[in-house]
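Notes follow the structure.
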Amino acid sequence: MSLETKVALVTGAGVGIGEATCRGLAAAGALVVVSDIDQVAGNRVADDLNKGGYQAVFMRLDVCDEAQWREVVADIVARFGSLHILINNAGIANICGVEDETLAGWRKTNTINSDAVFLGTREAIRVMKESGGSIVNVSSIEGIVGDPMLPAYNASKGAVRAFTKSVALYCADKGYPIRVNSMHPGYVATPLVSGALSRLSDSDAEAFTQRVLASIPMGRMAEATEIAKGIVFLASDDASYMTGSELIMDGGYTAR
Ligand SMILES: NC(=O)c1ccc[n+]([C@@H]2O[C@H](COP(=O)([O-])OP(=O)(O)OC[C@H]3O[C@@H](n4cnc5c(N)ncnc54)[C@H](O)[C@@H]3O)[C@@H](O)[C@H]2O)c1
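Numbering of the sequence shown is given in our numbering, commencing with residue 785 and proceeding in unit increments.
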C-alpha cells in the first residue's frame, strides 16, 4: 500500500486508534496532518513521526466546531496543495443505561461522534470532488449491534454507518472520485475504554469488562495498531472498488 504524495487528515489523533492510524498512514508514505482537541497529545504524535523521518504536522481541531473545520481544511490546501484522505476518528463513550442517560450526555456523545462526522465529510468533499479522495468514518460494532449500557454511543455510531452509505451514494451519483467507507472496530485497548470504565464503580467496571470479554470469540480486545491497518487499507487505492462499505474488525464479536 503506497500513499506517497497523499495528504491525510486524522481527527482525534493524539492517542489510541487515531495515533496508530497516523503512524500507519505515515509509514505508507502519506503526509499526515495530526489533529486533536488536545494540543499536547497531538503535538507529541506529530513530533514523534517527524523524528522518525516521516512527514507530519499538528493542527488543533475541535471536530464539533464548524468554523475550525473550514480553517483547517483551507490551511491544508494552502500549505500542501490538496487533501486526499480524511479519517473521521475522534469519538467519546459513556457507559450507562438509558434510564440514567441525560439529554446533555446524549447530545455530547452524538455531537462529537456523529454531527462532527457530517461536518468533516462535507468539508472534505468540497475540496476532494475535483482531485479525488477517500474518507473513512470510524464507527464501531456498536453501530451494528446494541449494548444495554451504550444507548447514546449505539445511536451515534449507527448514524455514522448509515450516513457513510448516503454520502458514498451521493458522491457516486455526482461522479465525484471520492470513496466513503466506515470502519467498525470491536473493543480496543485505548484510553476511550479505560476512561469510560474509570467513571464506573469498581464492581460495575469489572462486570462490564467480564461481559465484554466473554462476548469476544477471540477472547481479547484489539490493539489499536490492528484497527489502524484496516483504516489505512480503506484509505488507500488498494480499496479502489470499495465505497459505502463497512469493514468489521472485532475478533468475531458480531459473528454470533
Ligand atoms: N476503543 C474502542 O474500543 C473503540 C471501539 C470501536 C470504535 N471506536 C472508535 O474509534 C475512535 C477512536 O477511539 P479511541 O478508542 O482511539 O479513543 P481515545 O479516547 O483513545 O482517543 C480519542 C481522541 O479523540 C480526541 N477528541 C475527543 N473529543 C474531541 C473533539 N471534540 N475534537 C477533536 N478531538 C477530540 C481525544 O482528545 C483523543 O485524543 C472513536 O470514534 C471511537 O468511538 C473505539
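Idealized CB from N, CA, C, for every residue including glycine.
Other residues of its chain near residue i: CB distance less than 6 angstroms, five sequence neighbours each side excluded
i	result
Ser918	Ile869, Arg963 and Ala1019
Arg945	Ser923, Gly927 and Ser966
Given residue i as reference, the closest of the options once Cα atoms are compared
i	options	result
Ala812	Ala840, Ile821, Val799 and Asp820	Ala840
Thr1027	Leu984, Ser999 and Tyr960	Tyr960
Ile928	Arg891, Met967, Arg906 and Thr895	Met967
Thr905	Ala792, Leu1031, Thr948 and Ala1023	Thr948
Glu914	Gly1035, Gly930, Leu867 and Asp884	Leu867
Contact test: residue i Cβ vs ligand 1 heavy atom, cutoff 7 angstroms
i	result
Val942	The identity of residue 942 in the sequence shown is Gly, whereas the question assumes Val. No, the beta carbon of Gly942 sits no closer than 7 angstroms to any heavy atom of ligand 1.
Pro935	no
Asp899	no
Asp846	yes
Tyr1037	no
Distance between beta carbons of residue j and residue i, contact taken as under 8 angstroms
i	j	result
Val920	Ile860	Their Cβ separation, rounded to whole angstroms, is 17 angstroms, which puts Val920 and Ile860 out of contact at 8 angstroms.
Val847	Leu903	7 angstroms
Leu815	Phe864	6 angstroms
Glu803	Ala1008	7 angstroms
Pro975	Val799	5 angstroms
Spatial neighbours of residue i in its chain, beta-carbon cut-off 8 angstroms, leaving aside the 5 residues before and after
i	result
Lys1013	Gly808
Met933	Ile879, Cys880, Gly881 and Phe992
Leu981	Ile879, Ala989, Phe992 and Thr993
Asn894	Ala936, Ala939, Ser940 and Ala943
Spatial neighbours of residue i in its chain, beta-carbon cut-off 7 angstroms, leaving aside the 5 residues before and after
i	result
Ile896	Val847, Cys848, Ala874, Gly875 and Ile876
How do the stretch 871-878 and the stretch 824-839 stand: do at least 3 beta-carbon pairs fall below 8 angstroms, yes or no?
-> Between the stretch 871-878 and the stretch 824-839, the count of Cβ pairs shorter than 8 angstroms is below three; the stretches do not touch.
Are at least three pairs of beta-carbons, each pair with one atom in the stretch 829-836 and one in the stretch 848-864, less than 8 angstroms apart?
-> No: the two stretches stay apart, fewer than three of their Cβ pairs being nearer than 8 angstroms.
Check whether the stretch 995-1010 touches the stretch 971-979, taking contact to mean three or more Cβ pairs, one atom from each stretch, closer than 8 angstroms.
-> With the cut-off at 8 angstroms, the stretch 995-1010 and the stretch 971-979 touch.
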